[in-house]
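**Student:** Residue numbers (my numbering): 771 to 1077.
Mind looking over this structure? Questions follow.
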Ligand code: R7I
Ligand code: MG
Ligand code: MG
């Protein structure tokens, strides 16, 4: 049980560290020359700010989804300096202006809804809290997504990332089999584009091609199907090394803050907070808030599982 507490904390802090380390390199091309975390990291972006909103709202609502509350929490926390995606900004500003919380996201992108990676980047707390209840995990991940991302691919990206967090938090780091992990992910009902990429990841794990080919085949962009898969790949190719998971994610370039945020969530969930250098944690912005929320989420998990 002690380990599980450390893994909740590791996953939340791993997300914020990945986000703030990757933030300096957004939009660069492979191979990104990554400097030490202490030189560039510490300040997080929209990825962590929205994850904080998910945590705040789940904690106050006993782990259940309350759309109005969560949407209002996103609006309350919104700080444009955190570099939100344009779709998410527009949705949150419309909710601030008084539109019902579930309307603007449906109307985004000419009615298609967003498939940006903004739902997946914030979903880690759902994967942690519901790691032993897949049906509930899928339901809550979907609900948390639709506040800003109603396109099927945006929601599925969040479900995939949440389930990967759930598998990571339950896995034994000494015996984790990446191919077995992938087989479990492939049992999810997802669109073809995700299944194609999950199959590619399995192949690459057995026999890795050059990194530029992995990048061109999986993608490193701002949309969910081109960022969640490479985050999972970078995690599964370095499962024993927190540093290497984040470093390799950022080296790939593209949407570096978000991809490292997602792979950091996975590495932290598997390896626990002890795998994160203490001097990294010390320089993290709002670290006390994130630590407290991770502990509260674990206590909520305990409370819910004792019923
Ligand atoms: O998904 P979202 O919140 O953005 C998150 C990203 C992360 O990288 C953060 O670090 C931050 O930098 O932003 O914001 P959205 O604007 O909803 O989606 C991101 C982008 O995906 C959009 O601006 C579009 O370029 C693209 N996109 C779409 N394009 C066409 N049609 C998303 N959905 C669509 C669509 O339906
Ligand atoms: Mg960001
Ligand atoms: Mg990003």
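The C-beta atom is built at its ideal place from N, Cα and C for all residues, glycine as well.
1. At the level of alpha carbons, what is the spacing between residue 1072 and residue 835?
2. Closer than 6 Å by C-beta to residue 818: which residues in its own chain qualify, once you throw out the five before and the five after it? Chain order, please.
3. Would you grab the beta carbon distance between residue 853 and residue 816 for me? Rounded to a whole angstrom, and I think it's under 8 Å.
4. Let me have the residue list for ligand 2: C-beta closer than 5 Å to any non-hydrogen atom, ordered along the chain.
5. Could you name the residues that DSSP lists as bridge partners for residue 886?
6. Have a look at residue 880 and residue 858 and give me their C-alpha separation to the nearest angstrom.
7. Would you grab the beta carbon distance between residue 964 and residue 930 for me? Rounded to a whole angstrom, and I think it's under 8 Å.
8. In the DSSP assignment, find the alpha helix (DSSP H) that holds residue 1029 and state where it starts and stops.
9. Quick one: Cα of residue 753 to Cα of residue 932, how far?
10. Taking the straight line between their C-alpha atoms, what separation do you get for residue 809 and residue 1047?
11. Distance check for residue 993 and residue 827, CA to CA, integer angstroms please.
12. Comparing the CB of residue 794 with every heavy atom of ligand 1, is any distance shorter than 7 Å?
13. Measuring only the C-alpha atoms, how far is residue 877 from residue 883?
14. In the DSSP assignment, find the alpha helix (DSSP H) that holds residue 857 and state where it starts and stops.
15. Comparing alpha-carbon positions, which option in 1062, 856, 895 and 938 lies nearest residue 773?
16. Let's see if you can read the secondary structure: which residues bound the alpha helix (DSSP H) around residue 869?
17. Which runs of the alpha helix (DSSP H) fall wholly inside the region 957-1018 and span at least 4 residues, in chain order?
18. So residue 1003 and residue 971 are supposed to be a Cβ contact under 8 Å. How far apart are they, rounded?
19. For ligand 3, is there any heavy atom lying closer than 7 Å to the beta carbon of residue 992?
20. Which residues in the same chain have their Cβ closer than 7 Å to the Cβ of residue 1099, if we skip the five residues on either side of it in sequence?
21. By alpha-carbon positions, which one of 1033, 942 and 1069 ends up nearest to residue 892?
**Tutor:** Judging by the given coordinates:
1. 18 Å
2. 786 and 789
3. 6 Å
4. 815, 816, 817 and 1027
5. 993
6. 14 Å
7. 6 Å
8. 1026-1041
9. Because the chain in this structure spans residues 771 to 1077, residue 753 falls outside the shown range and cannot be described.
10. 14 Å
11. 25 Å
12. no
13. 6 Å
14. 856-866
15. 938
16. Element bounds for residue 869: n/a, residue is neither H nor E.
17. 962-976, 981-988 and 998-1006
18. 5 Å
19. yes
20. Lying outside 771 to 1077, the shown extent of the chain, residue 1099 is not represented and no answer is given.
21. 1033
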